[in-house]
Each structure stands twice: as structure tokens, then as C-alpha cells.
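>
Protein chains: 2
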Amino acid sequence: MSNNSAIVILTKHGLKITPQRIAILDVILNLKEHPTAETICNYLRPGYPNLSIATIYKTLDTFAQKGIIRKVLSETDTMRYDGVAEKHHHLYNTGSGRIEDYYDEGLNKIVENYLKNKKIPNFTIEDFKLQIFGKFRDNGNK
Amino acid sequence: MSNNSAIVILTKHGLKITPQRIAILDVILNLKEHPTAETICNYLRPGYPNLSIATIYKTLDTFAQKGIIRKVLSETDTMRYDGVAEKHHHLYNTGSGRIEDYYDEGLNKIVENYLKNKKIPNFTIEDFKLQIFGKFRDNGNK
DNA sequence: TACTATATAATAATGATTATCAATTATAAA
DNA sequence: TTTATAATTGATAATCATTATTATATAGTA
Ligand SMILES: [Mn+2]
Ligand SMILES: [Mn+2]
Ligand SMILES: [Zn+2]
Ligand SMILES: [Zn+2]
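Protein chains in written order, with numbering that gives the first Met the number 0: chain A, 0 to 141; chain B, 0 to 141.
#1: For A:I55, I'd like the list of residues in its chain whose CB is within less than 7 Å of its CB, leaving aside the five on either flank, ordered along the chain.
#2: Helix, strand or coil for B:V71? Go by DSSP, reduced to three states.
#3: Keeping to the same chain, check which residues put their C-beta closer than 8 Å to that of A:M0; ignore five residues upstream and five downstream.
#4: Nearest to B:Y80 by alpha carbon, out of B:Y102, B:L43, B:H87, B:I68?
#5: I'd like to check one pair, A:G46 with B:T123: are the Cβ atoms closer than 8 Å?
#6: List, in chain order, every chain B residue whose beta-carbon is nearer than 7 Å to that of A:K57.
#7: In chain A, what lies closer than 9 Å to B:F122 by C-beta?
#8: Of all Cβ atoms in chain A, is any one closer than 8 Å to the Cβ of B:K141?
#9: Regarding B:D25 and ligand 4, is the C-beta to nearest heavy atom distance less than 7 Å?
#10: In or out: A:I131 buried (at least 16 other Cβ within 10 Å) or exposed?
#11: What is the rounded straight-line gap between the Cα of A:D60 and the Cα of A:T77?
#12: My parser needs the alpha helix (DSSP H) runs of 4 or more residues fully inside the stretch 39-120 of chain A; what are they?
#13: Once you ignore the five residues that flank B:K86 on each side, which residues in its own chain have a CB closer than 6 Å to its CB?
#14: Could you check whether the Cβ of B:D126 sits closer than 7 Å to any heavy atom belonging to ligand 3?
#15: Exposed or buried, which one is B:R20 when buried takes at least 16 other CB atoms within 10 Å?
#16: Exposed or buried, what is B:V26 when buried is set at 16 or more other beta-carbons lying within 10 Å of its beta-carbon?
#17: Name, in chain order, the residues that DSSP records as bridge partners for A:L129.
#18: Mind pulling the chain A residues with CB within less than 9 Å of B:V110?
#19: Three Cβ pairs or more, each shorter than 8 Å: is that satisfied between the stretch 115-122 of chain A and the stretch 112-120 of chain B?
#20: A:I52 versus chain B: which residues are under 9 Å apart at the beta carbon?
#21: CA-CA distance, A:N29 and A:D126?
#22: Taking C-beta to C-beta, are A:K57 and A:H88 nearer than 8 Å?
#23: Out of B:V83, B:K65, B:T93, point me to the one whose CA is closest to B:T75's CA.
#24: Spatial neighbours of B:A84 within its chain, please: C-beta separation below 7 Å, excluding the five flanking residues on both sides.
#25: Under 8 Å between C-beta atoms, does B:D60 make it to chain A?
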């Protein structure tokens, strides 16, 4: 039960267990679409009519600070959130807001290795991420 | 004279030559720091006291649409603009807003080649960009 | 020089996010 | 189990980057 894993995660990070945090964490971990705060709100409103959008923002920020989730930059003025905390890259559908995860350990190794030899002057690399732009061949969404 | 090259570029893209466009293009092409609209405004206000921030936004957007400049996503809620239109990557200084260009044709080739063989299912790649996060070893700016 | 479409400046509006703060609640101590 | 207390939440106001509006000014052209 995903509900349970949310509690485990909250506990592990020393966060108080609240119904709002459980619900929000549950959604962000199971949704694959890099939702906005607003999207998450829409998912949860039926079950939590009083859930405040401010609480969602604050909670997502708390999770991101703990490293439970990540923030994803988008083309528009809207922050997207990512339930996947492990290293991965993103496929951006040009023109629409669709963003999908892209895992590629082989690519990681190749780039990592290249950059290790390259030694960028005056800069110490901590991490890198690929933004891959293009078009999904299935349409069916904006 | 950079002033002149601005006029050439505007002409090439069929844009009317105005003092504002010349000034804005001149700044964005010569500034290496991926400025915000506000930063550009501050640079130009001494010479153009009536220059409107709305004009700057609209002008930058026009330039971006023509492919003369690019928009750069940043960690904060503020759009950054990039006078370099050619393919390149970015070094993000974690914690501060500093963003610097990173050109690496070798890296481009390697990744390009890797992805060409890889064939991501259901996705046609148009372009890719690396976000490299880390720390600049010279401090001296935020 | 005069005409017309376009650009600009001033300012209002928008929309995402953050701040504020009183009321509620999760946790731990008694 | 009750109580105490610090943290969280919800309601709402404020902020701030960006966009829309519109009257005026101007670049390009005849
Ligand atoms: Mn905004
Ligand atoms: Mn914003
Ligand atoms: Zn992701
Ligand atoms: Zn750049």
C-alpha cells in the first residue's frame, strides 16, 4: 500500500505525520507526469475539500528540501514537481508542457567519464542533467 | 562597432530598426551573464530614461522568436536571456544564480552519437542540452 | 513630406508563488 | 489518558515577474 510507504518516508526524514503530507506525498510519488502544485490540488480536493494550495506549495518545498522529491524547470512560469529523486534525465515535448523521465545508465557513464577527463577550468562538477527536446510520436495529449 | 552589427542583425530578420531594439540587442549580445529583463533595464536606463520594462520583455521575446537570442531556464522564477544562439551548454553555480556558457563540440558528438544508436522509443529527438551543476572556484560573485 | 503600420511607454491586470497569522493538530511529557 | 507545546494548516493578503491594454510616437515607404 503506497499510503504506508509515505508514512515510512516521512518518518525517515523526521517529518510529522499529517493527513495532508501523506496525501500529497502519495500523489507525487505515484503520478508520473511531473505535476504542478495546482494539478496535485485537483487530484486531492475531492478527498480533502479544505486542502489549501498554500499548504501544497509549502509541503512540496519541504519534501524537495529533504530530497524526497525534486523541482523541475519548465518552459512556462510554472514549477513542476518530480516524485523520482534518483538521477535521471527529461524528455521535453517541444511546444507542449509534457515532460517524461529518461533513465539511461549508459549515457550517464559516458558523459561522466568524458567530463572527468575534460576538467572544466575553474569549475567543480557536482551533477549534470540532460534536457532532451523533441516530439513524442504518440500524440493524444497536449 | 557592435552597434553596427545589431543593425545588420535586425535588418536580416526583417525587424524595424529602432533605438530601443539596437540598444537591447547590443546589450544582450555583449553581456556574458545571461541577464534578466531587469538587468538589461538597469544597464540601459542611464542612456534611455524612458525605456519601458514592457518594451524590454516584448523585444526580448521578439528576438527569441526570431532565433537571435535564447531563453534560459533558471532555478528561480525569473527568465534569463542568452545572446548566444549557437548550440552550447550551461554551467549552473549551485546556490547562486550564476550561469556560464559551456561549449564542447566533443561532448556534443559523443552524446549525439550515443543517442543516435539508442533510439528512444516513441520519441524523436530534435536537440539536447546539458545542465551542469557545480561550483565555480573563483568566488567573488554570488 | 505625408501616410500607415508598427513599436513604444505608461500603466493596469494576471497568475504563480510566498507571507501572515489565527486556529488546529501531532507528538511527547506528565 | 490528559496536557502542554511546537509545528502545521487554511484562509487570505501580499509579492513579483510577466503580459495585456491602449494612447502616443515613430520607422519605413510612397
Ligand atoms: Mn508569473
Ligand atoms: Mn511567477
Ligand atoms: Zn523526472
Ligand atoms: Zn548561454
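Glycine residues also receive a C-beta, built at the ideal position from the N, C-alpha and C atoms.
Reading off the structure:
#1: I23, A36, I39, C40
#2: strand
#3: Confidence is the limiting factor: at A:M0 the pLDDT is only 44, short of 50, which leaves the residue's position unreliable, though a coordinate-based value still follows. No residues qualify anywhere along the chain.
#4: B:I68
#5: no
#6: Simply none; closest approach about 16 Å.
#7: L90, N92, E99, Y101, I131, G133, K134, F135, R136
#8: Low confidence applies here, because B:K141 scores a pLDDT of 40, under 50, leaving its location unreliable and the question unanswered by this model.
#9: no
#10: buried
#11: 14 Å
#12: 52-65, 104-117
#13: none
#14: no
#15: buried
#16: buried
#17: B:L129
#18: L106, I109, V110, Y113, L129
#19: no
#20: Neighbours of A:I52 on chain B: none; closest Cβ ~16 Å, over 9 Å.
#21: 25 Å
#22: no
#23: B:T93
#24: G66, I67, I68, R69
#25: no
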